[in-house]
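Just below is one structure, and these are the notes that go with it.
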Amino acid sequence: MDILTIDPKENCYVIDPNQMEYLQNNVAASVTLDRGTHVIRITSGRYSFSSSQTTGEPWVVLWMYGVDGSTFTNKNTGATIGATWTTLNGYDDTLTLEVSDRVVVCALFFDYQHNSDASSIELAIGSQTLTVESQKNRYLLDRSYLDNLKKWKKNFIEVDPGIYRIKIRDGQFSYWSDDKKFDLEPWALLWAKGGKVIAKNTDVEVEETWCSLNGYNDYVEIEVKAKTTLCGLFFDTYKDDNEGKITLSISPIPAKTRPTPPQPETHTDRIPTTPVSKVISSPIYIPDNIWDLRDPATDVVCISPVRTIVRREEEIILVRKVRKVEEIDASPACPVNSMQMDGVQIEN
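Below, the structure written as structure tokens:
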């Protein structure tokens, strides 16, 4: 198991208040939620990074905050908070918010440069629909600034091909601005880049992606197809008053083994060594001495123009034609017990 430790000062990408206001008002697609319960999910679309050669995946970054310092509850984590970051990855990923006053939800993409990609995603937020466009709602991160936040073997590691589960093991961040108005839920953003990876819920192989971890019960499963780097980050408008740390665990998951398909039985001689129940299940060969191989305590013999040996309450299987016997109606419920009958002569 590998460990990533995120320090809210050392590994914090700072978006200053002016830039944050610009992000909220000019970059992100946003909606204000009134009092009530709201479920947010991606219904269609994909986003592809400017440096990517792949078609992209359904994902989006969400920044949420309470209006006028009000709080709301992230039902996914159970935490009552004033603001948080998260991502949605895939069409089955959902976020549920319990709003007591009003909350602004800002939806956007992270990237490093503009490109000609004209993709978009559709978000369902309760009965509302919000479109997030790659050209209009892309926030450009400073790549050199991001690279400087990487601290090898601390918040930044390289992982080999395999399947991994990533979750918050322990820790917490505290937001001390505005006279300690509220605490943040334990959360982190995870940046995967430099190889090929499939993030949870998307089933799409990409060269780069962002995922979030919100709360101690949340986890991300990724399949690394080619060696990939993972970097854990925190985002804030001011980092000097941040406290605490969060530790992420990265645990390999054994690949699921596929069951071996059953192989047909073969018989190499005339005297089987397998139980009767297995012999009669194969139409390839029926031995002449099958009568002697029966289990008198459990096997039933039913005779019509044929003799069959079956297990009680199982389907009758054709065994062999016989002669010089009285015809008895054969059925799965045949009451004739083999112990009550003499052996029969087998027609050669």
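Taking our numbering, I'd label the letters of the sequence shown as residues 114 to 461.
Ideal Cβ placement from N, Cα and C applies to all residues, glycine included.
The structure presented is a predicted model; accordingly, all values stated were derived computationally and were not measured.
| Item | Value |
| --- | --- |
| Residue range of the unbroken beta strand (DSSP E) whose run includes R148 | Counting along the chain, R148 falls outside any beta strand (DSSP E), and DSSP gives it neither H nor E. |
| Assigned exposure category for G456 - 16 Cβ within 10 Å defines buried | Confidence in G456 is poor, its pLDDT being 49 and thus under 50, which makes the residue's placement unreliable; the coordinate value appears in the next sentence. Exposed: under 16 other Cβ atoms inside 10 Å. |
| Option nearest E336 by Cα separation, candidates S364, L326, G357 and G158 | S364 |
| Coarse secondary structure for P365, derived from DSSP in three states | strand |
| Beta-carbon separation (whole angstroms), C324 vs N202, contact threshold 8 Å | 6 Å |
| Chain-order list of residues whose beta-carbon lies under 6 Å from that of I366 (same chain, five-residue window excluded) | I276 and R278 |
| Touching by the beta-carbon criterion (3+ pairs, under 8 Å), the stretch 173 to 188 and the stretch 205 to 216 | yes |
| Top-ranked residue by Cα proximity to N138, from E170, D349 and W176 | W176 |
| Best match in M114, E123, D115 and I116 for proximity to D260 [C-alpha to C-alpha] | E123 |
| Same chain, Cβ closer than 8 Å to L96, neighbours up to 5 away in sequence not counted | Any question about residue 96 goes unanswered here, given that the chain covers just 114 to 461. |
| Residue nearest to Y87 in terms of C-alpha spacing, selected from G357, V174, Y178 and P121 | Residue 87 cannot be examined here, being either before or after the span of the chain that is shown, 114 to 461. |
| Beta-carbon proximity of T167 to E320, cut-off 8 Å | yes |
| Where S257 falls: helix, strand or coil (DSSP) | helix |
| CB of R159 within 8 Å of CB of I234, strictly | yes |
| Environment of L236 [buried if 16+ CB atoms lie within 10 Å] | buried |
| Close beta carbons around K338, own chain, < 8 Å, minus the five adjacent residues each side | P274, G308, K309, V310, I311 and E318 |
| C-beta contact flag for L253 and D224 at 8 Å | yes |
| Local conformation of Q285 per DSSP, three classes | strand |
| Continuous beta strand (DSSP E) stretch holding M177: start and end | W172 to G179 |
| Residues bridged to S157 (per DSSP) | E235 |
| Residue burial classification, W265 (beta-carbon count within 10 angstroms, cutoff 16) | exposed |
| Bridge-paired residues (DSSP) for L221 | V174 |
| Residue of A141, L146, S287 and A305 minimising C-alpha distance to V245 | A141 |
| Beta-ladder partner(s) of N187, from DSSP | A192 and L210 |
| Of the residues T360, D349, L361 and N355, the one placed nearest L136, counting alpha carbons only | D349 |
| G239 versus V217 - alpha carbon distance | 14 Å |
| Alpha-carbon spacing of R256 relative to Q226, whole angstroms | 9 Å |
| Residues bridged to T360 (per DSSP) | T118 and D283 |
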